[in-house]
Amino acid sequence: AQKVTQAQTEISVVEKEDVTLDCVYETRDTTYYLFWYKQPPSGELVFLIRRNSFDEQNEISGRYSWNFQKSTSSFNFTITASQVVDSAVYFCALSNGGSSNTGKLIFGQGTTLQVKP
Amino acid sequence: NAGVMQNPRHLVRRRGQEARLRCSPMKGHSHVYWYRQLPEEGLKFMVYLQKENIIDESGMPKERFSAEFPKEGPSILRIQQVVRGDSAAYFCASSGGPPGPYNEQFFGPGTRLTVL
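In order, the protein sequences belong to chains A and B. Under the working numbering, read the first sequence as residues 1 to 117, first letter to last. Under the working numbering, read the second sequence as residues 118 to 233, first letter to last.
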């Protein structure tokens, strides 16, 4: 079965603090893709990153960084020096890459991040 | 390049009415996915369509819901005889090719359905 768990329902930090959003996934496929999306208060979904299961290299993009660890089935997301504009709901998602894959995304429940000034 | 477009952005229906949600994929995209986001929940996959074909409808409720993606025109998600539990945000995503490492899903802004 495929499953994505975001155990943190809500996180509140003060501006400039670092914050890590946890994501744990379950899949039987050896090829899969992991994603993070941001949903600001306006409601749209903003793509942040995709990671292939064969590529465990961590990635940094500005204040954002992602730590992919297959050994613990985790794909955590860290925001450094958080800003008020980072306040949003963040979703982690999984898509299987096998031959029967239809590309559908399995989403976690989301983590609501509130950054206070 | 216009992104994925969905209309209407907000839709209000009374119980028993029909709701039609439209999704125009990005230019050149022929693969469409529909997801539903119930209040306070994550998104749940509903259906995956290619032009004129339903490929995966494993997430569709068995009754009242249907989807199509005709050769010409937008993809339509149709909900018949709506009930209050259908109130949700419905997101459409499009992709330029079959599932794979180089075919991203780009999401539209969503349609927020409210059933009174």
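Each residue gets a CB set at the ideal place from its N, CA and C atoms; glycine is no exception.
Counted as a single uninterrupted DSSP element, the beta strand (DSSP E) harbouring residue 173 of chain B occupies residues 170-173. For residue 203 of chain B, the closest Cβ of chain A is not nearer than 8 Å. Along the stretch 134-154 of chain B, the positions whose C-beta sits under 9 Å from a C-beta of chain A are 148, 150, 152 and 154, read in chain order. Listed as beta-bridge partners of residue 130 of chain B by DSSP are B:232. For residue 212 of chain B, the nearest CB of chain A lies under 8 Å from its own CB, placing it at the interface with that chain. Look at residue 204 of chain B here: in three-state DSSP terms it is coil, with no helix or strand label. The DSSP-derived three-state label of residue 115 of chain A is strand. Residue 149 of chain B sits in a strand when the DSSP states are folded into three classes. Scanning B:172, B:166 and B:196 for the CA closest to the CA of residue 179 of chain B turns up B:196.
CA-to-CA, the gap between residue 200 of chain B and residue 133 of chain B works out to about 7 Å. By the 16-neighbour rule on beta-carbons within 10 angstroms, residue 131 of chain B is exposed. Residue 82 of chain A places its beta carbon less than 8 Å from that of residue 16 of chain A. In the displayed model, residue 121 of chain B falls within coil according to three-state DSSP, outside both helix and strand.
If you ignore the 5 residues before and after residue 24 of chain A, its C-beta comes within less than 6 Å of the C-beta of 5, 73 and 74, all in its own chain and listed in chain order. Here the alpha carbons of residue 188 of chain B and residue 159 of chain B stand approximately 31 Å from one another.
Per DSSP, reduced to three states, the secondary structure at residue 212 of chain B is strand.
In this structure the stretch 95-107 of chain A touches the stretch 33-43 of chain A; the number of beta carbon pairs closer than 8 Å is three or more. At a cut-off of 8 Å between beta-carbon atoms, residue 184 of chain B makes no contact with chain A. About 7 Å separates the beta carbon of residue 206 of chain B from that of residue 43 of chain A, a gap short enough to meet the 8 Å contact definition.
Contact of residue 206 of chain B with chain A is assigned, a C-beta pair being separated by under 8 Å.
With respect to the 8 Å criterion, residue 230 of chain B and residue 204 of chain B are classified as neighbours on the basis of their beta carbons. Look at residue 2 of chain A: its C-beta is not under 8 Å from any C-beta on chain B.
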